[in-house]
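Below is one structure, written out as structure tokens; the observations come after it.
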Amino acid sequence: MTMKFQNPVSFASAVNLLKSGEVCAFPTETVYGLGANAGDAQAVLKIFQTKERPRFNPLIVHCADMGMAEEIAIFSSTARHLATLWPGALTLVLPKRSNAKICGLVSAGLDTVGVRVPAHPLAQKLIRAVGLPLAAPSANPSGRLSPTSVGQVRRAFADKVAVLEGGECSAGVESTILGVEGQRVVQLRSGALTREEIEMHLGREIAIARSGAPVSAPGMMASHYAPNAKIRLNATGAKAGEAFLGFGDVSGSGPMAKNLSPAGDLAEAARNLFAHLHELDAMGANLIAVAPIPKTGLGEAINDRLLRAAAPRK
Ligand code: AMP
Ligand code: MG
């Protein structure tokens with residue numbers, strides 16, 4: 152018999168589930184995460200099984216603060232400087248401590264670990280109450296749209312997964328991932344913290360990983376973040392039968408049009424991206440035409456998600 156949860160679950164239930172080796176979805180400022188005790192191999196296995204996630208794709212470990220992060224990863228002076236941007240939408244891939252209490256599955260057998268201190272107050276409170284680092288990828292079936300609300304998590308998993316309610320995610324796209332080796336910094340994934348902000352903080356430019364680069368992010372599959380509908384990029388408008396996802400002006404784009412940001416604001420567009428794609432899917436769209444989005448600032452992360460959503464699927 153498969154368990155069905157009365158979602159959203161209470162804070163106390165979420166803590167109990169996580170302490171007892173179960174998974175529980177929780178809010179962060181980026182997207183909802185599917186959490187489990189990072190030190191418990193059976194619990195982490197449940198994340199991979201629930202998401203049907205390939206085992207070679209490592210998980211980000213969420214910590215309450217720098218103290219918890221230092222128990223699992225080794226910080227160079229540059230990593231320490233970057234970590235002053237925490238709490239926030241930044242993941243650092245760092246050498247894993249040999250005595251780190253996290254299971255091998257979390258980092259897919261690599262000798263590095265992805266660490267983040269999320270800023271969402273409920274995520275903070277949850278990690279502190281559990282008292283352990285939580286492995287948490289996005290709370291969606293592998294390869295599909297990430298969830299930015301409880302409703303989207305519930306629809307994806309039909310209440311077979313417990314979800315803690317924390318409103319709509321304020322950033323709406325995943326964290327930016329940086330690989331740090333000594334003083335060398337490589338952006339492995341664009342995300343909610345812009346490269347411009349990171350470079351300003353560091354006072355220098357950072358490299359961007361290409362596939363096959365020395366430091367790689369194993370999970371960066373070409374097809375990812377896919378809605379049910381197919382995606383057509385850089386569209387100036389919707390053709391007959393197409394839904395439209397616009398940026399700025401969407402007038403005359405037909406009955407199935409959504410606007411990422413009427414004011415042309417990239418932060419608002421990032422916040423709406425997954426939610427609007429979920430809604431167009433729910434409306435039964437077969438093909439979504441998407442307006443061009445500026446490539447600077449948060450546009451880098453938005454365009455990355457759209458390119459992967461549009462990529463040919465297996
Ligand atoms: P998700 O949790 O779905 O946002 O995916 C997390 C992503 O973080 C993975 O797909 C990897 O690309 C990246 N990641 C996590 N840990 C590591 C690591 N140890 N080395 C390289 N990339 C990592
Ligand atoms: Mg994900």
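Residue numbers for the sequence shown follow this note's numbering, beginning at 152 and rising by one. For each residue, glycine too, the CB sits at the ideal point set by N, CA and C.
Any idea if residue i is buried or exposed, counting beta-carbon neighbours within 10 angstroms, 16 or more meaning buried?
i, result
"SER402", "exposed"
"ALA394", "buried"
"GLN303", "buried"
"ASN106", "Because the chain spans 152 through 465 in this model, residue 106 falls outside it and cannot be assessed."
"GLU347", "exposed"
For the ligand AMP, any of its heavy atoms closer than 6 Å to the Cβ of residue i?
i, result
"LEU261", "yes"
"ILE328", "yes"
"SER289", "yes"
"GLU325", "yes"
"GLU265", "Residue 265 is actually Gly in this sequence, not Glu. Yes, the Cβ of GLY265 comes within 6 Å of a heavy atom of the ligand AMP."
"SER258", "yes"
Check each candidate in the options and name the one with the smallest Cα separation from residue i.
i, options, result
"SER404", "ALA389, ARG206 and GLY342", "ALA389"
"ALA460", "ALA343, ALA280, THR229 and LYS381", "LYS381"
"ARG340", "ALA360, ARG295 and ALA270", "ALA360"
"LYS155", "SER171, GLU316 and ASP310", "ASP310"
"VAL174", "ALA440, ARG248 and VAL281", "VAL281"
"LEU458", "ALA436, ALA220 and MET371", "MET371"
"ALA452", "ALA386, LEU168 and THR181", "THR181"
"TYR376", "HIS429, GLY318, MET219 and VAL331", "HIS429"
"ILE253", "ASN158, THR153, ASN188 and VAL324", "ASN188"
"LYS446", "ASN385, ALA433 and ARG306", "ASN385"
"PRO443", "GLY190, ASN454 and SER171", "ASN454"
"SER473", "GLN157, ILE278, GLY294 and LEU283", "With the chain running from 152 to 465 in the structure shown, residue 473 is simply not present."
"MET217", "LEU344, LEU236, LYS202 and PHE199", "LEU236"
"GLU419", "MET407, GLY399 and LEU315", "GLY399"
Is the beta carbon of residue i less than 7 Å from the beta carbon of residue j?
i, j, result
"HIS352", "LEU396", "no"
"ALA274", "TYR183", "no"
"GLY450", "LEU411", "no"
"THR327", "LEU241", "yes"
"PRO269", "THR179", "yes"
"VAL266", "ALA224", "yes"
"ALA286", "VAL195", "yes"
"ILE357", "GLN338", "yes"
Got a sec: does the ligand MG put a non-hydrogen atom nearer than 6 Å to the Cβ of residue i?
i, result
"PRO209", "no"
Can you give me the Cβ contacts of residue i inside the same chain, cut-off strictly under 8 Å, excluding the 5 residues immediately before and after it?
i, result
"LEU438", "ALA380, LYS381, ILE382, ARG383, GLY392, GLU393 and ALA394"
Excluding the 5 residues flanking residue i on each side, which residues of the same chain have their C-beta closer than 7 Å to its C-beta?
i, result
"SER258", "PRO209, LYS247 and VAL264"
"ALA230", "LEU243, LEU245 and VAL331"
Considering only heavy atoms of the ligand GDP, does any lie closer than 6 Å to the CB of residue i?
i, result
"PRO378", "The ligand GDP is not part of this structure, which contains only the ligand AMP and the ligand MG."
Residues in the same chain with beta-carbon distance under 6 Å from residue i, minus the five sequence neighbours each way, listed in chain order, please.
i, result
"ILE198", "VAL174, LEU185 and ALA187"
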